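In full-length UniProt numbering, the protein residues as written are 1 to 94.
By construction, the Cβ of each residue, glycine as well, lies at the ideal position given by its N, Cα and C atoms.
Note that the structure is a prediction, hence the values are computed from the model and not measured.
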Amino acid sequence: MHLEDGYNLQEKHRRLLMNKYCGRYLRHKHLHRFIIYGESVQDKFEHNRRLTNPATTAVQQAIHGLAYTVYGKPDVRRLMFEVFDVEQIQPKAV
């Protein structure tokens, strides 16, 4: 049988309470959109958001493949990274 030490138990309890009550409070006040998350958490959110709409990802990959076929890889890479602004080509939030 595994017993957790006091610090880990206290930390787990604190996180559980913070998620339950502070999250509810922030959602009630409509402030949850202003929470700043770490880079890894944002990447996970973005990954999950893309998984919810696989058609968009499939269409994006098909267009990308077609562009490779028609124009060739060097020109497509040049267009992606030199001509277009990176923020401009990002998919819009769902």
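Below 8 Å between beta carbons: does that hold for LEU26 and ILE36? no
Is LYS29 helix, strand or coil by DSSP? coil
Contact under 8 Å by Cβ, THR57 with ARG49: no
Please list the terminal residues of the continuous alpha helix (DSSP H) segment that includes ASP75. In the DSSP annotation of this structure, the continuous segment of the alpha helix (DSSP H) that includes ASP75 starts and ends at 73-78.
ASP43 in three-state terms, based on DSSP: Helix.
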